[in-house]
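**Student:** Can you read through this structure? Questions will come right after.
Chains as they are written, first to last, in the UniProt record's numbering: chain A, 1 to 291; chain B, 1 to 613; chain C, 1 to 318.
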């Protein structure tokens with residue numbers, strides 16, 4: 001009888017099917033490529049910039065695209081390419097730092113609340129629920145009105161408004177995993193809470209948590225550039241991509257590249273991230289559907 | 001006589017990530033009008049895929065790649081989607097596995113039952129509804145005139161399954177396809193549903209294809225049996241010769257595995273007299289606690305149980321009987337509301353935090369679902385090494401050697417230590433699961449439905465392994481199952497639970513012969529046997545229950561009252577039953593004594609005893 | 001409707017009120033307690049301690065934060081939202097002039113976006129995996145991902161600058177003809193709709209597909225029910241809850257989007273008032289606007305919750 005078991009293959013093909021994906025997979029690759037390009041720009045941008053970022057180099061303001069100024073000039077006659085190469089560092093950097101902090105904090109709190117006694121879980125969840133019901137733009141606006149705008153404040157604001165969402169998602173995953181039998185086995189084995197949280201639960205939610213981090217990164221980019229666009233984000237002389245749109249808003253009536261290009265730049269960044277994440281998670285759900 | 005159904009060289013492919021995989025590899029069979037054909041096989045055998053192909057349907061991600069499926073004058077594979085739409089629910093109909101999921105939760109049952117026929121223009125709504133009510137009556141549904149006005153969640157699972165049969169039969173189809181229609185039901189419900197199915201199928205002369213993994217069920221229903229494995233036919237013949245003299249080795253193994261208690265015998269003389277685990281007056285449940293500390297939903301009521309050293313105790317009952325909760329309490333995952341546990345003379349804490357490391361080590365739990373019992377991120381070696389490091393501080397070569405020994409013990413190759421759980425089959429996972437429990441060198445292993453999620457052949461091998469391990473290591477089992485033959489195959493003593501109460505407890509032998517508790521009687525005689533005609537002769541239930549007045553407001557009334565065939569008006573509904581010892585040495589919770597029970601039970605047992613002798 | 005459902009609804013209402021209270025505490029703490037001494041800030045560095053102390057007394061800053069919070073909350077509940085420093089007007093009067101404009105913008109956006117989103121969402125769920133679905137899926141993903149000001153600037157460039165059909169600036173006053181109404185609202189509504197329609201359509205698609213994957217839909221197909229009837233009669237009744245949820249959640253997204261859109265198009269609504277207040281650090285106005293937005297947000301989320309409860313067939317048909 002044992003021979004038969006040895007022969008029987010794991011999981012018949014009947015089960016190894018899932019949803020048929022929507023959208024061709026090269027879109028995911030395009031998304032990944034856009035993410036990588038922006039990451040490289042954020043790291044090396046300032047060295048690649050052909051002109052100093054604050055220098056007025058042209059007499060023509062809102063110049064159109066030309067060989068000398070590939071992306072035109074801004075409202076003072078500064079080189080747009082250089083300004084975008086430098087500004088991307090703020091946009092990508094700030095959002096990345098905030099997203100990583102928010103996800104780490106959210107996931108940490110989620111793990112804590114899942115292995116904690118019920119009352120502590122309740123307290124953490126209530127607090128997070130309250131914070132989640134302040135729309136992120138509102139929170140950012142009152143933070144700026146109270147403390148003035150600075151890079152540190154922007155990071156704090158983004159972390160404060162995106163941690164609860166990360167917490168909520170991580171907690172629901174952790175609760176599901178906690179109910180699984182291998183965690184129950186670990187509990188009846190007498191394992192400590194820290195071990196259960198870090199060794200049994202965390203590795204199994206790492207993938208979705210990273211996906212969530214990517215999505216949150218996209219939202220934070222939108223929030224921070226929105227704030228800069230309102231003039232309440234990154235303050236001059238520094239400028240992120242959102243500030244570039246704001247300072248060149250005067251060129252709107254002429255259809256100047258100086259206003260369209262930074263806006264498009266933000267668009268490519270966030271669309272890239274979303275395409276990549278969308279592809280990753282639909283592939284995962286297909287694989288998960290097989291079991 | 002020409003065949004009504006003809007399937008020839010049917011091929012179905014699945015589109016996986018690595019291209020197309022053939023999951024049905026050239027299957028051919030045929031079926032005459034009025035006959036019932038069974039497709040039998042284990043998970044992954046392609047039986048459901050073939051059944052759906054009879055309706056010209058393939059699930060998402062699958063494609064009907066070739067062959068002929070002839071139903072009456074229609075070639076199902078050559079028809080357009082529109083033409084198929086006109087045939088489905090009209091000339092060919094389908095009964096799904098889980099009725100609870102297959103009914104739309106937002107619509108009344110009657111609307112769903114007549115919908116197909118109405119679309120196909122088989123009659124006016126009034127005519128069809130009258131026909132549906134007639135079918136409800138034929139299928140022995142309670143209150144046939146009004147049950148259709150209810151919503152799916154207001155009707156029990158067994159009844160829903162019969163309503164679905166009515167839905168399938170309302171168009172007087174040429175062919176009815178039944179896809180594991182009773183698998184999700186408890187045995188005691190299954191027997192009623194089977195009986196109702198069989199009657200309507202025979203009465204209406206319907207041609208049917210019955211898909212199942214259970215040979216005993218198939219033996220009751222089918223004229224022809226097709227044995228499938230891996231998308232191919234291994235054997236096909238009429239039911240009687242196949243059961244008597246199976247030609248293929250695989251069929252033989254299926255037959256053997258179907259009744260483990262006829263092949264496996266528990267070892268005797270290992271159990272000592274010293275008690276290992278004692279449970280006294282245990283009451284537990286879920287939900288918020290009230291003022292007295294009693295939970296809102298009580299799942300276990302006043303349970304007493306003793307597991308002796310080296311003994312295997314089986315706990316059986318249907319879903320909701322509280323048997324798994326009992327294991328969770330012993331494991332420390334659920335704190336009891338009342339009562340206490342004693343382990344090897346020491347009190348055993350109700351919650352995990354009250355237990356000592358030594359107690360953790362000595363009590364190990366093995367869960368039902370091998371898929372979720374192993375952490376998918378850890379390799380088998382890592383999974384096994386954790387208890388070894390924790391309890392014994394093993395390191396390096398000693399650790400590796402011990403992991404090897406454990407894998408030997410559960411009869412897995414040592415190289416398996418490198419693998420991840422998702423690379424293993426169901427049976428292999430369950431063995432790793434067992435090895436992890438054994439790593440702690442426990443005195444007591446709690447087995448919660450360890451074979452239920454496995455195919456019968458694989459499950460039988462696990463049972464054999466459990467038996468051998470007990471002989472070798474002298475470990476005790478608290479073995480929880482819904483299947484009495486599994487329990488009988490492995491355990492010395494058996495406890496029967498019904499809605500949180502222990503209704504009967506006794507030795508294995510005492511469960512071979514009447515008298516039983518009325519529920520035990522129902523349970524034992526509801527398990528289909530591997531012989532044709534059993535369903536017609538077994539005689540359990542289905543009859544009308546003795547009439548009974550309103551329940552008195554007494555807290556501890558018999559919980560089996562509403563289903564009991566031997567209930568007594570004025571006694572059972574007014575006074576709480578006592579525990580009593582009956583002939584054969586079992587303790588039961590009932591008003592009847594041995595003589596009274598024997599009166600109703602004797603005739604039934606003589607026949608079935610033959611099967612276990 | 002049975003007691004169980006009522007109890008559930010009551011609990012949600014209670015939870016929403018509690019959350020709103022906590023939100024008000026957070027808002028008050030951030031705007032009035034944490035930033036430090038408002039009197040010192042108002043008078044500047046060179047004020048004498050006596051002057052600062054006098055102003056503190058006048059503003060009630062000598063009292064502990066909890067007392068000030070309760071005082072503020074009581075005033076808020078009685079409709080007294082304080083005095084706007086930069087406008088020298090009562091906050092309530094300022095807001096009363098702006099709220100109708102924003103409501104109008106939101107109402108027009110909702111009226112346009114909900115039907116469009118439902119049609120797109122249900123349509124792409126029905127044609128799942130097909131060309132139209134793939135295309136819509138890409139477009140909605142892109143629209144959800146881009147900032148509102150990108151959509152707004154592109155819309156202005158195309159419709160106002162290149163085509164010259166519409167004016168880039170909106171004025172909500174003195175609308176006399178439908179054409180004028182269209183010219184005023186077209187761009188802001190279009191911008192807001194882009195994002196909201198995309199989001200709503202994606203969520204609707206997911207909700208309908210969730211139902212289409214269920215066993216009862218397969219059963220319906222095997223009964224010979226046509227695809228159209230499956231979606232309309234089987235899947236949709238069960239997807240009402242999730243779809244209502246999608247609508248409410250997407251509309252709550254309006255609250256963030258409206259901040260940017262009102263600013264770009266110089267639309268005299270409550271959000272642009274708030275942005276000005278933040279720039280001028282006009283705290284009373286900021287507090288009032290924030291509380292208004294948070295209340296609206298919580299209200300929408302609450303409606304979504306209630307829809308989910310009420311549409312659950314198990315609860316509805318008890």
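Here a beta-carbon is modelled for each residue, glycine too, at the ideal position from N, C-alpha and C.
Should the segment 118-127 of chain A be called in touch with the segment 150-157 of chain A, which here means at least 3 C-beta pairs below 8 Å?
**Tutor:** Flag = no, the segment 118-127 of chain A and the segment 150-157 of chain A do not touch.
**Student:** For my contact list, residue 279 of chain C and residue 231 of chain A are in at a C-beta cut-off of 8 Å; report their separation, rounded to the angstrom.
**Tutor:** Locating residue 279 of chain C in the third chain gives position 279, counting from the first residue. Locating residue 231 of chain A in the first chain gives position 231, counting from the first residue. Rounded, the Cβ-Cβ distance is 7 Å, consistent with contact.
**Student:** Taking its Cβ as the centre, do 16 or more other Cβ atoms sit within 10 Å of residue 455 of chain B, making it buried, or is it exposed?
**Tutor:** Residue 455 of chain B sits at position 455 when you count from the first residue of the second chain. Label assigned to residue 455 of chain B: buried.
**Student:** At a Cβ cut of 7 Å, what residues of the segment 185-212 of chain A count as close to chain B, listed as they run along the chain?
**Tutor:** Cβ contacts with chain B: 185, 187, 188, 189, 190, 200, 203, 204.
**Student:** Quick check: residue 146 of chain A and residue 34 of chain C, are their CB atoms within less than 8 Å of each other?
**Tutor:** Residue 146 of chain A sits at position 146 when you count from the first residue of the first chain. Residue 34 of chain C sits at position 34 when you count from the first residue of the third chain. Yes, they are a contact pair.
**Student:** Kindly list the residues whose CB is nearer than 6 Å to the CB of residue 251 of chain A, restricted to its own chain and excluding five residues on each side of it in sequence; keep chain order.
**Tutor:** Taking the first residue of the first chain as position 1, residue 251 of chain A is located at position 251. The answer, listed in chain order, is 62, 258, 259.
**Student:** Should the segment 244-258 of chain B be called in touch with the segment 54-70 of chain B, which here means at least 3 C-beta pairs below 8 Å?
**Tutor:** Output reads no: the segment 54-70 of chain B does not touch the segment 244-258 of chain B.
**Student:** Where in the segment 266-333 of chain B do unbroken runs of the beta strand (DSSP E), each at least 3 residues long, occur, reported from the N-terminal end onward?
**Tutor:** Counting only runs of 3 or more, we get 275-289, 295-308, 312-316.
**Student:** Would you call residue 118 of chain C buried or exposed, if buried means 16 or more other Cβ atoms sit within 10 Å of its Cβ?
**Tutor:** As a first step, residue 118 of chain C is located in the third chain; it is residue number 118 there, counting from the start. Result: buried.
**Student:** Pull up the distance between the alpha-carbon of residue 145 of chain C and that of residue 218 of chain A, whole angstroms please.
**Tutor:** Counted from its first residue, the third chain places residue 145 of chain C at position 145. Counted from its first residue, the first chain places residue 218 of chain A at position 218. Looking at the two C-alpha atoms, the distance is approximately 7 Å.
**Student:** Which residue spans inside the segment 132-200 of chain B form an unbroken alpha helix (DSSP H) run of at least 4?
**Tutor:** Whole alpha helix (DSSP H) segments, 4+ residues: 157-169.
**Student:** Which one or two residues does DSSP pair with residue 79 of chain A in a beta bridge?
**Tutor:** Taking the first residue of the first chain as position 1, residue 79 of chain A is located at position 79. Partner(s): A:73.
**Student:** Can you find at least 3 beta carbon pairs, one from the segment 212-221 of chain C and one from the segment 266-280 of chain C, that sit closer than 8 Å?
**Tutor:** Counting Cβ pairs under 8 Å, fewer than three are found: no touch.
**Student:** To the nearest angstrom, report how far apart residue 242 of chain C and residue 292 of chain C are at their CA atoms.
**Tutor:** The sequence position of residue 242 of chain C within the third chain is 242, counting from 1. The sequence position of residue 292 of chain C within the third chain is 292, counting from 1. Roughly 26 Å separates the two Cα atoms.
**Student:** Give the C-beta separation of residue 53 of chain B and residue 64 of chain B to the nearest angstrom, bearing in mind that I take them to be a contact with Cβ-Cβ under 8 Å.
**Tutor:** The residue given as residue 53 of chain B occupies position 53 in the second chain. The residue given as residue 64 of chain B occupies position 64 in the second chain. The pair is a contact, with the Cβ atoms about 6 Å apart (cut-off 8 Å).
**Student:** Assess, as a yes-or-no matter, whether the segment 303-310 of chain B is touched by the segment 277-288 of chain B under the definition of 3 or more beta carbon pairs within less than 8 Å.
**Tutor:** Yes: at least three Cβ pairs fall under 8 Å.
**Student:** By how many angstroms is the C-alpha of residue 85 of chain C removed from the C-alpha of residue 55 of chain C?
**Tutor:** On the third chain, position 55 is the one that residue 55 of chain C refers to. On the third chain, position 85 is the one that residue 85 of chain C refers to. Straight-line Cα distance between these residues: approximately 15 Å.
**Student:** Report the three-state DSSP secondary structure of residue 391 of chain B (helix, strand or coil).
**Tutor:** Taking the second chain and counting its residues from 1, one reaches residue 391 of chain B at position 391. Reduced to three states, the DSSP call for residue 391 of chain B is helix.
**Student:** Rounded to whole angstroms, what's the CA-CA distance from residue 297 of chain C to residue 252 of chain C? Just pull it up for me.
**Tutor:** Within the third chain, numbered from 1, the residue matching residue 297 of chain C stands at position 297. Within the third chain, numbered from 1, the residue matching residue 252 of chain C stands at position 252. Taking the straight line joining both Cα atoms gives about 5 Å.
**Student:** Please list, in chain order, the residues of the segment 161-187 of chain A that have any C-beta partner in chain B closer than 7 Å.
**Tutor:** The segment 161-187 of chain A vs chain B, Cβ under 7 Å: 180, 181, 182, 184, 185, 187.
**Student:** Under a CB-based cut-off of 8 Å, is residue 3 of chain B close to chain A?
**Tutor:** Here residue 3 of chain B refers to the residue found at position 3 of the second chain. False, the Cβ-Cβ gap to chain A never drops below 8 Å.
**Student:** Which residues of chain C have a Cβ atom closer than 8 Å to the Cβ of residue 146 of chain B, listed in chain order?
**Tutor:** For the purposes of this step, residue 146 of chain B is taken as the residue at position 146 of the second chain. Within 8 Å Cβ-Cβ: nothing; residue 146 of chain B doesn't reach chain C, min ~15 Å.
**Student:** According to DSSP, simplified to helix, strand and coil, what is residue 377 of chain B?
**Tutor:** As a working note, residue 377 of chain B is residue 377 in the second chain. Note: residue 377 of chain B maps to coil in three-state DSSP.
**Student:** Reducing DSSP to helix, strand and coil, say where residue 19 of chain C ends up.
**Tutor:** What you label residue 19 of chain C is simply residue 19 of the third chain in a count that begins at 1. In the structure shown, residue 19 of chain C sits in a helix (DSSP, three-state: H, G or I).
**Student:** Please state the DSSP three-state secondary structure of residue 57 of chain A.
**Tutor:** Within the first chain, numbered from 1, the residue matching residue 57 of chain A stands at position 57. Correct three-state label for residue 57 of chain A: coil.
**Student:** Does the segment 377-391 of chain B come into contact with the segment 340-348 of chain B, if we say contact requires no fewer than three beta-carbon pairs (one atom in each stretch) closer than 8 Å?
**Tutor:** No, the segment 377-391 of chain B does not touch the segment 340-348 of chain B.
**Student:** List the DSSP bridge partners of residue 556 of chain B.
**Tutor:** Within the second chain, numbered from 1, the residue matching residue 556 of chain B stands at position 556. According to DSSP, which records beta bridges pairwise, residue 556 of chain B is partnered with nothing at all.
**Student:** For the segment 148-174 of chain B, enumerate the residues whose C-beta is nearer than 7 Å to any C-beta of chain C, in chain order.
**Tutor:** Here the close residues are 151, 153.
**Student:** Taking just the CA atoms, how far does residue 465 of chain B sit from residue 598 of chain B?
**Tutor:** Counting from 1 along the second chain, the entry for residue 598 of chain B is found at position 598. Counting from 1 along the second chain, the entry for residue 465 of chain B is found at position 465. Going from the Cα of residue 598 of chain B to the Cα of residue 465 of chain B covers about 37 Å.
**Student:** Taking 8 Å as the CB-CB limit, is residue 332 of chain B close to chain A?
**Tutor:** As a working note, residue 332 of chain B is residue 332 in the second chain. Chain A contact via Cβ: present.
**Student:** Against chain B, does residue 320 of chain C count as a neighbour if the rule is that its beta carbon must be under 8 Å from one of theirs?
**Tutor:** A question about residue 320 of chain C goes unanswered here, because the residues of chain C that appear run from 1 up to 318.
**Student:** For the segment 246-309 of chain C, list the alpha helix (DSSP H) runs that are entirely contained and at least 4 residues long, ordered along the chain.
**Tutor:** For the segment 246-309 of chain C, whole alpha helix (DSSP H) runs of length 4 or above, ordered along the chain, are 270-280.
**Student:** Going along the segment 118-134 of chain B in order, which residues come within less than 7 Å of chain C, judged by CB to CB distance?
**Tutor:** The residues in question are 119, 120.
**Student:** To the nearest angstrom, how far is the alpha carbon of residue 56 of chain B from that of residue 172 of chain B?
**Tutor:** Position 56 of the second chain holds residue 56 of chain B. Position 172 of the second chain holds residue 172 of chain B. So the alpha carbons of these two residues sit roughly 19 Å apart.
**Student:** Just the Cα atoms here: how many angstroms apart are residue 494 of chain B and residue 264 of chain B?
**Tutor:** Numbered from 1 along the second chain, position 494 holds the residue referred to as residue 494 of chain B. Numbered from 1 along the second chain, position 264 holds the residue referred to as residue 264 of chain B. If you take the alpha carbons of residue 494 of chain B and residue 264 of chain B, they lie about 16 Å apart.
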